[in-house]
Each structure stands twice: as structure tokens, then as C-alpha cells.
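Respectively, the protein sequence lines represent chains E and S. In terms of our numbering, the first sequence opens at residue 1 and continues consecutively. In terms of our numbering, the second sequence opens at residue 1 and continues consecutively. For glycine and all other residues, C-beta sits at the position ideal for the given N, C-alpha and C. Predicted, not measured: the structure shown is a model, and the values here were computed from it.
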Amino acid sequence: MSRYLARRLWQFVPTLAGVVLLVFFLFNWVGGDPAYLLAGKIASAEHIENIRRGLGVDQPYAVQLWIFVKQVVTADFGASWSTNERVSQIFATRLGPSLTVLVPLLILSTVIAMAAAMLAAYYRGSLTDRAIMIGCTVGQSISILVYILVFQYFFAYRLGWFPVQGWGANLAENLLWYAALPILVGTVVSLAPDIRLYRTFFLDEISQDYVRTARAKGLGEGRVIWLHVLRNAGIPIATNVLTQLPGLLAGAFLIERFFSIPGIGREVILAVERSDFPVIKAVTIYVAIVTMIVNLAADLLYRVLDPRVQLK
Amino acid sequence: MTPWALAWQRFVRDRVGLASAAVVLIFLLMMAASAAGLIVRDWGEEVGMSYAPPGFLKTERIEQAEETAASRPRDDYGIADPLAAELADIQMGTSSAERRAATLPFGADKWGRDVVRKAIKGSETSLVVGLAAAVLAAFLGTLFGALAGYYGRWVDDFFNWLYSVFTAIPYLLLVLAIAAVLGQKGVLTVVLILALTGWTGIFRLVRAEYLKHAVREYVLAADAIGASNARRMFGHILPNVSHVVLVQLSLHVVLFIKAEVILSFLGFGVGVDTVSWGSMLAEAPSELILGMWWQTAAATAVMALAVTAFSLLTDAVRDALDPKLA
């Protein structure tokens, strides 16, 4: 086990090096000279030269790469180009609101999706199953934009059940008042793909021999489904939920943008709109690291939940 | 009977698959006709009044507009309005060459452009982006997967490393980062962004197939009669794994269409002079507040129809090609 862990952690090194190279290639090479961008519309040659020296972009690429590697290792990406806020400060203050939306969203959508998937799998081929599956296909074909627009317009603007947008100062207010509609939208959007996936997990288990054995020895349907099938189908579901997290952290940007939630995703959009390279670079590197760690954690979790799995 | 003929037999028995194939075909024909300039060449013409409502909607707005038009001239305290004639012209919509329509079949946007024609033109853009990006991503994924799975060793290690780097960054974050760097809009840019980031899923599956096939007897036999590596890879193995590529291709069309809509909505996608489903939806927030729902509804409905048809077609093709799954 410890040998496996050491090997996996060692594999982080080339992957992270690749991510650093990719980001460097994109921003320092494809992106061109940021000095013109920073200096504004009316810039003197001297001013541009000063900015270039300050950022180190007048140095050869090898030196620039070394500066970037130092930034990654020391976790110090400097200050945002547009607001001059420290990048580390941006992360520290934006993570809380993101998680306030994401954690309830993941829990809610997982529970509902599991229930619907179990129903569809248990009554496979029936009208219930077909209705759920058609609903999922149609639901998945509508853009997330439309869900956000329509929910915000209808439930917040027209009916006034929720605030249209905004964010408060304390957790309870945020969670129960401001985050409620974003969580609802996010849940509805993630339901369709989740149900489809979890249904296949349940189907895999329901057709297994141990289910037939459990039924043959006279166990009630409730016990077969809730104890035997659920516990086994729960293993891939748990790892799937875990691996979704990093993608959601940056992927919830549409929800955060529409509802003015000061989270990581909204920060990404703002940074892209303002060509705020330090922030985008930092987000990309950090989210990549989180993704790698979470993927490892998911594999370990799989091992814990299912001791038959051999990690090599 | 060839496996393809057997798959075709299974496919034509699938009614849902046939229906979705018909819808997809209609969309593709529409796209081709629109791209060739046979239909909706005049989508940008301002044929209606600003936010002209759909014809089937008898709103008070129209009556109000007619009322105010009828109630003039009013008493202006004896002061003659020097612009009265021009104003009347503008109000009546006679200043332009032809009179603007008060209603259109499915309404008009802010500039008075017909929503139906705009939606057809937008379908062309969105479908072209989705198809082109999917073809390019499938090409890259197949090429990389074939090389990695066939040659193994350091080639495999290299492409696996590339794969792990690209998948370590969440897809949309990578897309946005590249969009930020490129900083230019346009159909070609979007296609390149989506394809260069979207090949990973196809690579993984194709590589696994090549690993399996590279040691099969028919490939060893091809080696024995002197077929070159390239010939074994693409002449012998590729036809046997092409069903995987085909299903992935169709799956990625849906994926890329959705991504293009989000990119264009955020303003990083197609240019301002191009219309796509995403750029139509980008006008939705300000329109919904005013109660003008028709453009949003049209873009949503057309996109949902196209994407549902593509998804169902993908399912049907997969079921037909791989009977073990069904």
C-alpha cells in the first residue's frame, strides 16, 4: 500500500511539470508580450520597457520559465494585474463561497440521482424507466445557460421566492437565502447525466449472481436492494462524486457569474475577461494539483470500500 | 455478411434511431443549404420592428403602438415641432425602404431581425463548429491513440504523459485559459480550441483498442507478408476499431456544441458578426427582463431538438455496432 502511494505521488512530478510547461507555453509564448496589455492605450516606450523589466518578460524564455517554476513552488503568483490583489488572497477569500454552493449541491444531486437511478434500474424496461431515461436525454440537451436564465427569471424575478443575486456576510444567510436557488439550478443540471451513469452502475449490480442468491435464500426485496445492491453500486458512485469536485470548482462559473457569488469560478471568468494572466495561471495550476490529489484519493477510497480491488 | 451490414440491419429495426437520424439529416441539409447561401442569406436584414412579437401572439403592445400612432397630432402649446415630419416617418416605419412588419412568424430581436431566420443561420454556425471540432478531435485522438497503442514503449509513455497533463486540468478551465490567451474570436478559433483540448477521451479508448489488436493474429500475419507499420496500423487495425471512433465522434459533436454555446455566450466564442445559438442566448438576459421571450425560446428549442437527436442517434449507432451492450 505505501509502495503504491509512493509510486502514485512520484507520478505527480512529470504530470505537474507538464502542466507547468503547458501553462508557460500558452501564456508566455502564445500569449505574447503582456506589457502592451498592461500599459494601457496611451503608453510611452519607457513605460512599456519598465513593465517588461518588472515582469521579467525581457529575459530569455529559460529564465522566464525559472521565474514561473519558482512562483509555483513557493505558491506566490504575485498580484492580480487588474485589481492588484494578491493572488493567494483571492484564493483564500473565494474558496468559501464556492464550497457553500458546491457541497450542498453535490450531496443533494447525488441523493436524488441515486434514488431515481435505483428506481429506473429496478424497473428496467418499464414505463418508469423509459420516462426517466427520456427525461434525462431531453434534460441533458438543454444548455445549462437556459436553466440558469429561466430559473432566475421565473423563481427569483417573477415569483420573488429567491433573491435574484447577491451574497451576504454570514454562512447561514448565504446558505439558506442566497445559495438556495444556485444550488437548485446546479442540482437540476447535474441530475440528468448522473442518473444515466448511476443507472448503469445499479444495472451492473442487479444482474450479478449474489443478488440472485440473496433472493433465492428468501431475503426480502427491500433488504436485497437497500443492503446488497446499494452498498456495491455505492462504490463507483462515491468515487465518481469525488472526482467531480475539482471540475465543479472551476466549472460552476456560470452559476457563480449569474448569481453574483464571489467564488473561484466567477474569478476565472473575470480574469479571462480582463486578461488577468497571473490569476488564470494560478487557478489552472492549483486546480490541476487538486484534480491529481482527488483522483488519487478516489482510487484509495475505492480500495477502502472494496477490499477485493488490488492497487498495483 | 460484413459486420457493417449486420449493424445496419440492427439499426433500421430501431425506430427511435431512425427518427433521430431523420432529424439529424434535416439539420445537416439545413446547415448545408444555409452555408451555400441557398436559404436565409438575408438573415441580417431588419425586416420587423424592434422586438416585434410573434404573429400568433395578440399582445396589448401592438394595440398600444397603434393607439399612440393614431392619437397624434397632439397640441404642443402652439409650438411647431421642427422634427415632426421625420418623427412621424420613424414612428410609421416608412423611413426605411420598405415598411417594417409589426409582427413576424416567431418575432424579432432588438434590431428587428427575424428570429426564425436567425435561428437557422445560428444552427449553421453551431453545427459547423460542433462537427468540425469533433472531426478534428477524433483525428487527433485516433492518431495519438494508434501510435501509443501500436508502438508502445516510450511512444506510449509520451502520449500517456500528454494525456495526464491535459486531463489534470478541468476541460472548461483549459478552454477558457486558451481563449484568454488567444484573445481573438471566430469560428476557426473556437474549433481549434475545442479540438486541441477535446481529443483525450477518444485517445484513451482508441489506445486501449490498439493495445488489444496489435498482438492479434491477423496483425502478425500482415507483418509476416511484409505490410509496413503504417499499413498495419491504418489499413488493418483501423477498420476494426473504427466503430469506437464513430460513436465517439458523434458523442463529441454534442459535447462541442454545448461548449460552443457557453463560449459564445461569455463572449469568447464566434465573432460579433456571426450568429450562433450561444450568441442568441447571450441576448436573453436583457430580453427576458423586458418580457421578450421568443428569441430565447427559439434558440433553446432548436438546440434541444438538434442535441437530443444527435444523442439518440449516438445511442442507436452504439447499440447497432456493439450488440453485446444492448
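Residues in the same chain with beta-carbon distance under 7 angstroms from residue i, minus the five sequence neighbours each way, listed in chain order, please.
i: Ser-311/S; result: Val-254
i: Val-244/S; result: Leu-205, Val-206 and Glu-209
i: Pro-262/E; result: Arg-94, Pro-97 and Trp-167
i: Ser-20/S; result: Ala-309, Leu-312, Leu-313 and Ala-316
i: Val-16/S; result: Leu-312 and Ala-316
Take residue i as the anchor and find which of the options has the nearest alpha-carbon.
i: Met-292/E; options: Arg-86/E, Glu-221/E and Thr-243/E; result: Thr-243/E
i: Gly-145/S; options: Val-206/S, Met-1/S and Arg-15/S; result: Val-206/S
i: Val-272/E; options: Trp-277/S, Val-272/S, Leu-263/S and Ser-276/S; result: Leu-263/S
i: Ala-108/S; options: Pro-53/S, Pro-82/S, Trp-199/S and Phe-158/S; result: Pro-53/S
i: Val-129/S; options: His-213/S, Ala-298/S and Gly-271/S; result: Gly-271/S
i: Glu-283/S; options: Phe-166/S, Tyr-218/S, Trp-111/S and Arg-13/S; result: Trp-111/S
i: Met-303/S; options: Phe-11/S, Val-116/S and Ala-80/S; result: Val-116/S
i: Ala-282/E; options: Met-114/E, Gln-59/E and Ala-92/E; result: Ala-92/E
i: Ala-35/S; options: Lys-118/S, Glu-45/S, Thr-125/S and Ala-7/S; result: Thr-125/S
i: Ala-115/E; options: Thr-187/E, Val-103/E, Tyr-198/E and Ala-6/E; result: Tyr-198/E
i: Asp-76/E; options: Val-63/E, Ile-90/E and Arg-158/E; result: Ile-90/E
i: Gln-71/E; options: Ser-82/E, Gly-56/E, Phe-253/E and Asn-84/E; result: Gly-56/E
i: Ala-148/S; options: Val-187/S, Leu-211/S and Phe-166/S; result: Leu-211/S
i: Glu-46/S; options: Gln-184/S, Ile-193/S and Arg-100/S; result: Arg-100/S
Using 8 angstroms as the limit for Cβ to Cβ distance, is residue i near chain E?
i: Ser-50/S; result: no
i: Pro-3/S; result: no
i: Thr-200/S; result: no
i: Ile-262/S; result: yes
i: Lys-345/S; result: There is no way to answer for residue 345/S, as the model of chain S reaches only from 1 to 326.
i: Phe-268/S; result: yes
i: Ala-97/S; result: With a pLDDT of 48 at Ala-97/S, under the threshold of 50, the modelled position of that residue is not reliable, and no figure is offered here.
i: Ala-320/S; result: no
i: Val-317/S; result: no
i: Trp-161/S; result: yes
i: Ala-329/S; result: It is not possible to answer for residue 329/S, since the shown part of chain S is limited to 1 through 326.
i: Ser-311/S; result: yes
i: Thr-308/S; result: yes
i: Met-203/S; result: It is worth fixing the name first, because residue 203/S is Phe in this sequence and not Met. Chain E, which has no Cβ nearer than 8 angstroms to the Cβ of Phe-203/S, makes this no.
i: Phe-106/S; result: no
i: Phe-158/S; result: no
i: Phe-403/S; result: It is not possible to answer for residue 403/S, since the shown part of chain S is limited to 1 through 326.
i: Leu-6/S; result: no
i: Leu-28/S; result: no
For the alpha helix (DSSP H) containing residue i, name the first residue and the last one.
i: Pro-285/S; result: 284-289
i: Pro-193/E; result: 180-206
i: Tyr-51/S; result: From DSSP, Tyr-51/S is part of no alpha helix (DSSP H); its letter is neither H nor E.
i: Val-13/E; result: 2-24
i: Gln-71/E; result: 61-74
i: Lys-217/E; result: It is not in any alpha helix (DSSP H) - Lys-217/E carries neither H nor E in the DSSP assignment.
i: Tyr-171/S; result: 171-182
i: Arg-231/S; result: Where Arg-231/S is concerned, there is no enclosing alpha helix (DSSP H), given that its DSSP letter is neither H nor E.
i: Thr-137/E; result: 127-141
i: Trp-161/S; result: 153-168
i: Met-333/S; result: Since the first residue of chain S shown is 1 and the last is 326, residue 333/S is not available in this structure.
i: Phe-268/S; result: Segment: none, Phe-268/S is in no alpha helix (DSSP H) and carries neither H nor E.
Can a CB atom of chain S be found closer than 8 angstroms to the CB of residue i?
i: Gly-247/E; result: yes
i: Met-114/E; result: no
i: Met-292/E; result: yes
i: Thr-284/E; result: yes
i: Tyr-153/E; result: yes
i: Leu-203/E; result: no
i: Ile-206/E; result: no
i: Leu-149/E; result: yes
i: Ile-237/E; result: no
i: Leu-254/E; result: yes
Within its chain, find whatever has a CB closer than 8 angstroms to the CB of residue i; leave out the 5 residues flanking it on each side and keep chain order.
i: Ala-326/S; result: Below a pLDDT of 50, predicted positions are generally treated as unreliable, and Ala-326/S, at 44, falls in that range; the measurement from the model is reported next regardless. Once the five neighbours on either side are set aside, the close Cβ partners of Ala-326/S are Asp-319.
i: Thr-110/E; result: Asp-194, Ile-237 and Val-241
By Cβ distance, which residues of its chain are closer than 6 angstroms to residue i, with the 5 residues on each side in sequence left out?
i: Thr-197/S; result: Leu-174 and Val-175
i: Asp-276/E; result: Ser-80, Trp-81 and Ser-82
i: Trp-199/S; result: Ala-137, Leu-140 and Gly-141
Confirm the yes/no value for this check: CB of residue i, any heavy atom of the ligand ADP, distance under 7 angstroms.
i: Leu-182/S; result: Of ligands this structure carries none, so the ligand ADP is not represented either.
Practice task
Compile a chain-ordered list of the residues in the segment 11-31 of chain E whose CB is closer than 7 angstroms to at least one CB of chain S.
Solution key: Pro-14, Thr-15, Gly-18, Val-19, Leu-22, Leu-26, Phe-27, Val-30 and Gly-31
Exercise for the section: Compile a chain-ordered list of the residues in the segment 163-197 of chain S whose CB is closer than 9 angstroms to at least one CB of chain E. Expected result: Ser-164, Val-165, Phe-166, Thr-167, Ala-168, Ile-169, Pro-170, Tyr-171, Leu-172, Leu-173, Leu-174, Leu-176, Ala-177, Ile-178, Ala-179, Ala-180, Val-181, Leu-182 and Gly-183
Exercise for the section: Using a Cβ-Cβ cut-off of less than 9 angstroms, give me the residues of the segment 116-144 of chain S that come near chain E, in sequence order. Expected result: For the segment 116-144 of chain S, which is checked against every Cβ of chain E, not one residue is closer than 9 angstroms.
Handout entry: Interface positions of the segment 288-303 of chain S facing chain E (Cβ-Cβ less than 9 angstroms), listed along the chain
Key = Leu-288, Ile-289, Trp-293, Thr-296, Ala-299, Thr-300 and Met-303
Practice task
For the segment 163-196 of chain E, enumerate the residues whose C-beta is nearer than 7 angstroms to any C-beta of chain S, in chain order.
Solution key: Taking 7 angstroms as the upper bound on Cβ-Cβ separation, chain S lies near no residue of the segment 163-196 of chain E.
Practice task
Mind checking the segment 233-256 of chain S against chain E and listing, in chain order, the residues whose C-beta falls within less than 9 angstroms of any C-beta there?
Solution key: Val-254
Problem - Contact residues within the segment 128-146 of chain E, judged by C-beta distance below 8 angstroms to chain S - result: Thr-137, Val-138, Gln-140, Ser-141, Ile-142, Ser-143, Ile-144, Leu-145 and Val-146
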